[in-house]
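K.L.:
Heads up: the sequence shown runs through residues 1 to 505, numbered per full-length UniProt numbering.
Ideal Cβ positions, reconstructed from N, Cα and C, are used throughout, including at glycine.
Note that the coordinates shown come from a computational prediction; the quantities given were computed from them, not determined experimentally.
The structure's right below; bear with me while I get my questions together.
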Amino acid sequence: MGKKFLKFEYLLLFAVFIIATCGLIYELIAGTLASYLLGDSVKQFSFIIGVYLFSMGVGSYFAKFIKKNQLNTFIEIEIIVGLIGGLSSVLLFILFEKVDYFQVVLYLLVFITGCLVGLEIPLLMNILKEKVEFSELVSNVFTFDYIGALLASVLFPLVFIPQLGVIKTSLFFGMINISVAIFLTFLLQKEIKNSLLLKFKSIFSFLFLVVVFFFSDEILSFSEEKLYGENIVFTNTTPYQRIVLTHNKNDYKLYLNNNLQFSSADEYRYHEALVHPAMENATNIENVLVLGGGDGLACREILKYPAVKTITLVDLDEKMTQMFKENTILKTFNHNSFLNKKVTIHNQDAFLWAKTTTKKYDVIIIDFPDPSNYSLGKLYSLNFYKTLAKVANPNTVVVIQTTSPYFAPKSFWCINKTVKQVFSNTDAYHVYVPSFGEWGYTIATLNPENTFDKVNRKVNQLKFYNHNYKSLNQFPKDMMAHNVEINRLDNQILVRYFDEEWGKL
Numbered sequence: 001m002g003k004k005f006l007k008f009e010y011l012l013l014f015a016v017f018i019i020a021t022c023g024l025i026y027e028l029i030a031g032t033l034a035s036y037l038l039g040d041s042v043k044q045f046s047f048i049i050g051v052y053l054f055s056m057g058v059g060s061y062f063a064k065f066i067k068k069n070q071l072n073t074f075i076e077i078e079i080i081v082g083l084i085g086g087l088s089s090v091l092l093f094i095l096f097e098k099v100d101y102f103q104v105v106l107y108l109l110v111f112i113t114g115c116l117v118g119l120e121i122p123l124l125m126n127i128l129k130e131k132v133e134f135s136e137l138v139s140n141v142f143t144f145d146y147i148g149a150l151l152a153s154v155l156f157p158l159v160f161i162p163q164l165g166v167i168k169t170s171l172f173f174g175m176i177n178i179s180v181a182i183f184l185t186f187l188l189q190k191e192i193k194n195s196l197l198l199k200f201k202s203i204f205s206f207l208f209l210v211v212v213f214f215f216s217d218e219i220l221s222f223s224e225e226k227l228y229g230e231n232i233v234f235t236n237t238t239p240y241q242r243i244v245l246t247h248n249k250n251d252y253k254l255y256l257n258n259n260l261q262f263s264s265a266d267e268y269r270y271h272e273a274l275v276h277p278a279m280e281n282a283t284n285i286e287n288v289l290v291l292g293g294g295d296g297l298a299c300r301e302i303l304k305y306p307a308v309k310t311i312t313l314v315d316l317d318e319k320m321t322q323m324f325k326e327n328t329i330l331k332t333f334n335h336n337s338f339l340n341k342k343v344t345i346h347n348q349d350a351f352l353w354a355k356t357t358t359k360k361y362d363v364i365i366i367d368f369p370d371p372s373n374y375s376l377g378k379l380y381s382l383n384f385y386k387t388l389a390k391v392a393n394p395n396t397v398v399v400i401q402t403t404s405p406y407f408a409p410k411s412f413w414c415i416n417k418t419v420k421q422v423f424s425n426t427d428a429y430h431v432y433v434p435s436f437g438e439w440g441y442t443i444a445t446l447n448p449e450n451t452f453d454k455v456n457r458k459v460n461q462l463k464f465y466n467h468n469y470k471s472l473n474q475f476p477k478d479m480m481a482h483n484v485e486i487n488r489l490d491n492q493i494l495v496r497y498f499d500e501e502w503g504k505l
């Protein structure tokens, strides 16, 4: 009898492990999709974690009212969790453009999933309480629970998202959930009432998810075409972002996590303004550093200067730089700049790379994504700019993309003020890019005598920039913000400004 109970116990403890793993995966998927589709990743992840934990508490509370057929109920819940969690990403992608209150649907799915997962652990403990000593039961249940959570948190960003993507990952773990239900219905059929019906439900549900998994690429293509309203030419999911390239007539657009990165129709305005004021103004331009800029478009502009000897590009996402090195369409945008012998690419975190490099650079071009979360916000922090000053010489000119001074003036002037704490000679300018609206930059140097409007060299094959820095240097009242704070690592005020300002749009 003891061996039977031991087998019974460890089967259900294995189920605890799967519950914890899958439950956390569903939560991570909801948070990832929220950041992809809604932006404000810090806020969305925070809300989703809070709702999920609260709903688990609600589910745990109601578990005490389930007195009969607890093993059957547990298996039923396992099937339902597998279906809801597995299909959650499919539903969210399809419904994003079709419902007015998308966030209600998102948080409802999170709440339902959390309630069901919260029901399962107390149910298991009630099922096992007469078969296992209480202290050992609690210890084992929570051990398997936390191990499952650890496994999920490690495998999700490192393995499943890069290899399967969001939709296939949720469907895969839905199938794992239901596989446990199938496993239990066969191995514990003597303890289960009406096991034949449960076998049918679990097998049918599993096969349904298999079919959806098989057609998941078509579902994703359909939902993304509805989302972007344009023909999808190319997609890729990396450990850091979802990359989508669309085509409409003569215009290609690149989206990272649903945010427009550039439009081929007008990106030249952005990149000419980013690169040429600094390159024309710098005393020397032999060694240039580009931080971010994984599309190679900034490098394309820098390579127009014959005096450039080396370009060092640091971008975290290796798949991104590889795409712009190899993809036939993408290479045409950057004019094969990543294949130029002058360009060296380092796929590292720029925050850490800057701390270790010992080389000095003549021009530093910073083209990071907007500070929409804390991991990006650190790249706009006082600490980072102090590190950056160590790789600059007295005449180095630094330029930083600084988001929109019109849509996000507090964010814009926060970055400018933070840079000014390190580079005392700091200025700002902006340019109109039709795809984005008014966009801004901060330019800085350690040389107090540099006025930024001096032109030491020119290239003539430009479409937009007219070598007149002062024409970009005037800010009307509606682009100004006062009394902004400095962005430090310990406050990340910039991320809060950014969420507050862009969240209104």
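By a C-beta neighbour count over all protein chains shown, 10 Å radius and 16 as the cutoff for buried, is Y146 buried or exposed?
P.N.:
Position 146 of the sequence shown, counted from the first residue, corresponds to residue 146. Flag for Y146 reads exposed.
K.L.:
Within 10 Å of its beta-carbon, does P306 have 16 or more other beta-carbons around it, so buried, or fewer, so exposed?
P.N.:
Residue numbering aside, residue 306 sits at position 306 when the sequence shown is read from its first letter. Exposed, since its Cβ has fewer than 16 Cβ neighbours within 10 Å.
K.L.:
Quick check: the Cα distance between Y432 and W439, rounded to an integer number of angstroms?
P.N.:
By one-based count along the sequence shown, residue 432 stands at place 432. By one-based count along the sequence shown, residue 439 stands at place 439. Whole-angstrom Cα-Cα distance: 6 Å.
K.L.:
Less than 8 Å between the CB atoms is what I'm expecting for I167 and V233, so what's the real figure, rounded?
P.N.:
Looking up residue 167 in the sequence shown gives position 167. Looking up residue 233 in the sequence shown gives position 233. Their Cβ separation, rounded to whole angstroms, is 19 Å, which puts I167 and V233 out of contact at 8 Å.
K.L.:
To the nearest angstrom, how far is it from the Cα of W51 to the Cα of D367?
P.N.:
Counting from one through the sequence shown, the residue named residue 51 turns up at place 51. Counting from one through the sequence shown, the residue named residue 367 turns up at place 367. Rather than Trp, the amino acid found at residue 51 in this sequence is Val. Their Cα atoms are separated by approximately 35 Å.
K.L.:
If you check the beta carbons only, do P448 and N425 fall under 7 Å apart?
P.N.:
Taking the first residue of the sequence shown as 1, we reach residue 448 at position 448. Taking the first residue of the sequence shown as 1, we reach residue 425 at position 425. Using a Cβ distance threshold of 7 Å, P448 and N425 count as a contacting pair.
K.L.:
Relative to the C-alpha of G229, which residue among R242, F96, K342 and M56 is closest?
P.N.:
The residue you call residue 229 lines up with position 229 of the sequence shown. Checking every option, the nearest Cα to that of G229 belongs to F96.
K.L.:
By the three-class DSSP mapping on this structure, what secondary structure does A481 have?
P.N.:
Indexing the sequence shown from 1 puts residue 481 at position 481. Reduced to three states, the DSSP call for A481 is coil.
K.L.:
Where I365 and L291 are concerned, what is the direct C-alpha to C-alpha distance, given to the nearest angstrom?
P.N.:
Looking up residue 365 in the sequence shown gives position 365. Looking up residue 291 in the sequence shown gives position 291. Going by the C-alpha atoms only, they are around 6 Å apart.
K.L.:
Would T332 be called buried (16 or more neighbouring beta carbons within 10 Å of its own) or exposed?
P.N.:
Along the sequence shown, read from residue 1 onward, the residue named residue 332 stands at position 332. Exposed, since its Cβ has fewer than 16 Cβ neighbours within 10 Å.
K.L.:
Give me the Cα-Cα distance between F14 and F208, rounded to the nearest whole angstrom.
P.N.:
The residue labelled residue 14 in the question sits at position 14 within the sequence shown. The residue labelled residue 208 in the question sits at position 208 within the sequence shown. About 24 Å.
K.L.:
Between which two residues does the alpha helix (DSSP H) harbouring H335 extend?
P.N.:
As a working note, residue 335 is residue 335 in the sequence shown. Per DSSP, H335 belongs to no alpha helix (DSSP H) and is neither H nor E.
K.L.:
Tell me, which residues are paired with H346 by DSSP?
P.N.:
Residue numbering aside, residue 346 sits at position 346 when the sequence shown is read from its first letter. Note: H346 sits in a beta bridge opposite V314.
K.L.:
Can you tell which of F62, L198, M279 and V99 has its C-alpha closest to the C-alpha of R457?
P.N.:
As a first step, residue 457 is located in the sequence shown; it is residue number 457 there, counting from the start. Among F62, L198, M279 and V99, the Cα nearest to that of R457 belongs to M279.
K.L.:
Are F371 and V495 closer than 7 Å when you measure CB to CB?
P.N.:
Position 371 of the sequence shown, counted from the first residue, corresponds to residue 371. Position 495 of the sequence shown, counted from the first residue, corresponds to residue 495. Before going further, note that residue 371 is Pro rather than Phe in the sequence given. Against a cut-off of 7 Å, the Cβ pair of V495 and P371 comes out as a contact.
K.L.:
Just to confirm, are V399 and I345 a CB contact at a threshold of 7 Å?
P.N.:
Locating residue 399 in the sequence shown gives position 399, counting from the first residue. Locating residue 345 in the sequence shown gives position 345, counting from the first residue. Not a contact, by the Cβ cut-off of 7 Å.
K.L.:
Given a cut-off of 7 Å on the beta-carbon distance, is the pair L198 and I75 in contact?
P.N.:
Here residue 198 corresponds to residue number 198 of the sequence shown, with the count starting at 1. Here residue 75 corresponds to residue number 75 of the sequence shown, with the count starting at 1. Yes, the pair counts as a contact, with Cβ atoms nearer than the cut-off.
K.L.:
Check this for me: beta carbons of N327 and L303, under 7 Å apart or not?
P.N.:
Position 327 of the sequence shown, counted from the start, is the residue given in the question as residue 327. Position 303 of the sequence shown, counted from the start, is the residue given in the question as residue 303. No, the pair does not count as a contact, with Cβ atoms beyond the cut-off.
K.L.:
Sorted by chain position, which residues of the same chain lie with C-beta nearer than 8 Å to N231's C-beta, five sequence neighbours on each side aside?
P.N.:
Here residue 231 refers to the residue found at position 231 when the sequence shown is read from its first residue. Counting only Cβ-Cβ distances below 8 Å, and skipping sequence neighbours, we find E225, T246, H247 and N248.
K.L.:
Leaving out the 5 sequence neighbours to the left and right, which residues in its chain are closer than 7 Å to L489 when beta-carbon positions are compared?
P.N.:
Start at 1 with the first residue of the sequence shown, and residue 489 comes out as number 489. These residues qualify, in order along the chain: K378, S381 and N383.
K.L.:
Using CA coordinates, which residue listed in L462, Y61 and S46 is at the minimum distance from E301?
P.N.:
By one-based count along the sequence shown, residue 301 stands at place 301. Nearest option by C-alpha distance: L462.
K.L.:
Taking its Cβ as the centre, do 16 or more other Cβ atoms sit within 10 Å of G503, making it buried, or is it exposed?
P.N.:
Here residue 503 is taken as the residue at index 503 of the sequence shown, counted from 1. Taking all protein chains shown into account, G503 has fewer than 16 neighbouring C-beta atoms within 10 Å of its C-beta and is therefore exposed.
K.L.:
Would you call the region 81-100 and the region 21-37 in contact, with 3 or more CB pairs under 8 Å?
P.N.:
yes
K.L.:
Check each candidate in T358, V117 and G296 and name the one with the smallest Cα separation from T321.
P.N.:
Numbered from its first residue, the sequence shown carries residue 321 at position 321. For the residues T358, V117 and G296, the minimum Cα distance to T321 belongs to G296.
K.L.:
Compute the Euclidean distance between the alpha carbons of E191 and M125, then round it to the nearest angstrom.
P.N.:
Within the sequence shown, residue 191 is the residue found at index 191, counting from 1. Within the sequence shown, residue 125 is the residue found at index 125, counting from 1. Answer to the nearest angstrom: the Cα atoms are 16 Å apart.
K.L.:
Alpha carbon to alpha carbon, what distance is there between V308 and A265?
P.N.:
On the sequence shown, residue 265 is found 265 positions in, with the first residue counted as 1. On the sequence shown, residue 308 is found 308 positions in, with the first residue counted as 1. Rounded to the nearest whole angstrom, the C-alpha separation of A265 and V308 is 27 Å.
K.L.:
Report, in whole angstroms, the separation of the C-beta atoms of Y497 and S411, which I expect to be a contact under 8 Å.
P.N.:
One-based indexing of the sequence shown puts residue 497 at position 497. One-based indexing of the sequence shown puts residue 411 at position 411. Indeed they touch by this definition, with Cβ atoms about 5 Å apart.
K.L.:
When we look at the beta-carbon of N416 and count the other beta-carbons within 10 Å, is it buried (16 or more) or exposed?
P.N.:
Numbered from its first residue, the sequence shown carries residue 416 at position 416. It counts as buried.
K.L.:
Run through DSSP, which three-state label would F262 get?
P.N.:
As a working mapping, residue 262 is identified with position 262 in the sequence shown. Strand at F262.
K.L.:
Could you please give me the residues that DSSP links to R242 through a beta bridge?
P.N.:
Within the sequence shown, numbered from 1, the residue matching residue 242 stands at position 242. Partner(s): T237.
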